[in-house]
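Residue numbers -21 to -1, 1 to 531, in mature numbering (1 follows the signal peptide of the UniProt record, and there is no 0), belong to the letters of the sequence shown in order. So the structure is just underneath, and the comments pick up after that.
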Amino acid sequence: MDRSLLLAVSVLLFACGDPVAEDSATGTGSTGSSTGASESESSTGGGTGGPSTTGEPTSSDASTTLPTTTDPGESSSTTAGPAMNCYESSIVSSVAELTAERLEGHDCILGDVWLSPGTGPDLWFLSEIRSIGGYFKILGTHEIVSLHGLEKLESIGGHLLFESTPELEDASALAGLVSVGTYLEIRDAPKLASLDLGALATVGGDLKLSAPLTSLDLTALTDLSGDLELEHTRLTNLAGLAALTSLAGLRLAHNSELVDLAGLHAIVRPNGRLEIEYNPELVSLAGLEGLTTLYHLEVRQNPELTTLAPLAGTTVEGNLMLVGNAIESLPPLQGEVGLLDVSSNTALVSLTGLEEVVINSQLEINSNEALLDLQGLAGLGDALNSVTISHNPALETLAGLGEATSVDYVQITDNPQLASLTPLQSLQSTTSLVLAQTKAQALPDLQGLTSLDTLYIADNPALASLAGLENLAGVGSLQIADNPLLTTLAPLQDGALVEVNERYDVSDNQQLPSCVAKALYASLQSPPDDFCYDNMVDACSGLGGCVRLPMP
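What follows is the structure, given as structure tokens:
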């Protein structure tokens, strides 16, 4: 922006007072006797759902003369800017209730503008306004078709929010807008196809656009202090962001025609967020090279995206989620994350690339159709909230999984080719252990486990023994079912198990005698009322073998 344009913006802001804090108690940046509208007040002007205007124009409107300026190279010469005549209060009403006389002769508004629903196709009554000191809102289901009337608007001291404008087609009047004090958001505008913000150089917060845009011009914006969010657009690329070099975070979601990120050169600043979600045509992340540290990285449900290579070398310090893409491999990433979720990537064969990622809370490896092993997951923290490895039809081994001694919840289910559970033997403490639909012949050595809230071992067609559970003394809910090769409960019956509190279900194990299951139930200190021990037909069959209580 050249020096003259910067001077013009500063002049306007001086004339109209300081920008208001977002939704502040006063609602405006006005001075003297004027009082702005608060969002918490009710409208007295007949608007729907808006706040009241507690200050109407005073008997004499504010006529402001801009300050003199002195060139550093001159000793005393001055130049005076033109006088501005500011409306001292706020505008809070429907379009239909506004009259030309109300703002006649004014070229700025010291307070807020909040337009509630009402008949009116455009904003003709603001046609002379160059600056708004507070926020500018259009809320409710509006009939507005065009923003005509805002052609002279250059600055907004607070935020700009347009929401629920189902008829809005023409926003070309915003082409001269230079600055927004806090955030800018336009959403729920299903007919808006083009947005020219080509003069916009400053946004003090987030910039969020959700509309079926095919054209977007933000070519004067070089730095964004907040996040950029583009949702539900029809943009094919990001050429309109070509000047943007830095932003706090980026979210691209539900953009039905976005093919690549061409035009994007901006770097997400350290500890920002990057979310690329539900973009069905997206094939490339080129443009994201150079990322350093992110708090949150999420690349989700982009079914044509085959590589994440531009993310190589990125450090993630919060959550890392790579879900529902067509990627075959992972780039080298690093950092300490709370959640690592690598799921529903149909072509992914390996987790190599995650060796330098430490997981401190939650691990999710689910529904990866081609994944063979867990090499790359050595970085498990000592204590985790949960580990879930489920629905991976080609997974043959847990090899590569790091050793965690404490995990609140462990679920290994529906991995039909998984033949060994050995890496789980490091567990010393867990509250819930679920092992189901595997090919394992034996359990891991779980001698360190002495109590569980839930033990669920079911539908493992090759499992023949429960060895490894000898030290388990107490279980809240015990279910061992549909394991066709299981013939004995000896590791539990001859071991430490003395207590099952809530449910005992040892059933439908075709080669396990029902009398064996009944004997273990009878040996418990206080057998639960909810029980079942029907298995192989024998002398115990049909003798009251099941009493299943309804779930609470």
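Note that beta-carbon positions come from the ideal geometry of N, C-alpha and C, so glycine has one too. Since the structure is predicted, the reported quantities are computational estimates derived from the model, not experimental observations.
query                                                                                                                  : result
Cβ-Cβ distance between residue 532 and Leu77 below 9 Å                                                                 : A query on residue 532 cannot be resolved here, the shown segment of the chain reaching from -21 to 531 and no further.
Cross-strand partners of Val526 (DSSP beta bridge)                                                                     : Phe510
Rounded Cβ spacing between Gly303 and Ser323 (contact assumed at less than 8 Å)                                        : 4 Å
Nearest neighbour of Ala75, chosen from Pro96, Leu327, Val92, Val278 [CA to CA]                                        : Pro96
Beta-carbon spacing of Ala245, Thr224 below 9 Å                                                                        : yes
Rounded C-alpha distance that separates Ala178 from Thr198                                                             : 8 Å
In chain order, each alpha helix (DSSP H) run of at least 4 residues that lies wholly inside the region 172 to 240     : none
Spatially closest choice to Phe510 from Gly455, Leu471, Thr466, by CA coordinates                                      : Gly455
Buried versus exposed call for Pro249 [16 or more other C-beta atoms within 10 Å across all chains shown]              : exposed
Sequence-distant residues of its chain with Cβ nearer than 7 Å to Arg109 (five each side left out)                     : Leu(-10), Asp86, Cys87, Lys131, Leu132, Glu133
Cβ distance (whole Å) where Ser106 is taken to contact Gly128 below 8 Å                                                : 5 Å
Environment of Leu528 [buried if 16+ CB atoms lie within 10 Å]                                                         : exposed
Residue burial classification, Lys170 (beta-carbon count within 10 angstroms, cutoff 16)                               : exposed
Exposure label - Leu428; buried when at least 16 CB within 10 Å                                                        : buried
CB contact flag (Thr410, Asp424, <9 Å)                                                                                 : no
Cβ-based neighbour list, Thr215, same chain, cut-off 6 Å, excluding 5 preceding and 5 following                        : Glu236, Val238
Nearest candidate by alpha-carbon position, reference Leu240, set Arg252, Leu209, Leu468, Ala373                       : Leu209
Neighbourhood of Glu53 by C-beta distance below 6 Å, restricted to the same chain and skipping five residues each side : Caution is warranted here: a pLDDT of 37 is assigned to Glu53, below 50, making its placement in the model unreliable, and no coordinate value can be reported.
Beta-carbon separation (whole angstroms), Gly228 vs Val247, contact threshold 8 Å                                      : 6 Å
Cβ distance (whole Å) where Leu374 is taken to contact Pro402 below 8 Å                                                : Contact doesn't hold; Cβ gap of about 12 Å is too wide.
Proximity winner among Phe104, Arg81, Ser73, relative to Trp93 (alpha-carbon distances)                                : Ser73
Distance between Pro282 and Ser263 (C-alpha atoms, nearest Å)                                                          : 11 Å
Secondary structure of Thr272, DSSP reduced to three states                                                            : strand
Counted within 10 angstroms of its Cβ, other Cβ atoms place Thr271 as buried (16 or more) or exposed                   : exposed
Reduced DSSP secondary structure (H/G/I, E/B, other) of Pro492                                                         : strand
Distance between beta carbons of Asp484 and Ala452, contact taken as under 8 Å                                         : 19 Å between Cβ atoms; not a contact.
3 or more residues per run - each beta strand (DSSP E) lying fully within the region 377 to 447                        : 385 to 392, 411 to 415, 430 to 437
Proximity to Glu335 [Cα-Cα], best of Met300, Thr293, Asn347                                                            : Thr293
9 Å Cβ cutoff, Asn394 in contact with chain D                                                                          : No chain D is part of this structure, which consists of one protein chain only.
Beta-carbon proximity of Gly358 to Ile338, cut-off 9 Å                                                                 : yes
Whole-angstrom distance between Ala232 and Leu253, CA atom to CA atom                                                  : 11 Å
Leu203 to Asn364 span [Cα, whole Å]                                                                                    : 36 Å
Alpha-carbon to alpha-carbon, Thr181 and Gly251                                                                        : 19 Å
Thr120, buried or exposed, once every other Cβ within 10 Å from all chains shown has been counted against 16           : exposed
Residues sharing a beta bridge with Glu478, DSSP                                                                       : Gly453
Boundaries (first-last residue) of the alpha helix (DSSP H) holding Ala469                                             : 469 to 472
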